[in-house]
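Its first residue numbered 301, the sequence shown is counted upward by one per residue in our numbering.
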Amino acid sequence: MNDVLTLPLASVAGLLLGAFFFGGLWWTVQKGASSKQPALWFFASVVVRMGAALGGFYFVSAGHSERLLSCLFGFFVASLLVTRFTRPKGEEARHASHAG
301 MNDVLTLPLA
311 SVAGLLLGAF
321 FFGGLWWTVQ
331 KGASSKQPAL
341 WFFASVVVRM
351 GAALGGFYFV
361 SAGHSERLLS
371 CLFGFFVASL
381 LVTRFTRPKG
391 EEARHASHAG
């Protein structure tokens, strides 16, 4: 496949991997905080999330550093998006007032 299509697809894959990783982290914190066994929740979560992310990076890159960088870029963008969408409702106004 040519680079014109490969790099954007690698970025989309990074977005999906990041959404899974950071969305899973948010979900784990929500469930783990109220669980009777939070250590089990957090340990299982980090193993699954890291395995999926590292496996995804390995698969997407296929030994090409430019694909890996494109995938990491998508992963980073996903971290920003998940952080923004999972922020508590009252915090948007507080952060907007400190932006200036």
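Note that the Cβ used here is the ideal one computed from N, Cα and C, for glycine as well.
Since the model is a prediction, treat every value here as computed from it, not as a measurement.
- Item | Segment contact, 8 Å Cβ cut-off, at least three pairs: the region 364–373 with the region 306–314 | A contact exists between the region 364–373 and the region 306–314.
- Message: Since residue 313 and residue 360 should fall inside the 8 Å C-beta cutoff, what is the C-beta to C-beta distance between them, to a whole number of angstroms?
- Response: That belief holds up - the Cβ atoms of residue 313 and residue 360 are roughly 5 Å apart, short of 8 Å.
- Taking Cβ positions, are residue 405 and residue 355 nearer each other than 8 Å? This structure leaves residue 405 out entirely; the chain is present only between 301 and 400.
- Query: Where does residue 344 fall in DSSP's three states?
  - Reply: If DSSP states are grouped into helix, strand and coil, residue 344 belongs with the helices.
- Message: Under DSSP, the alpha helix (DSSP H) around residue 308 begins and ends at which residues?
- Response: That run of the alpha helix (DSSP H) goes 303–333.
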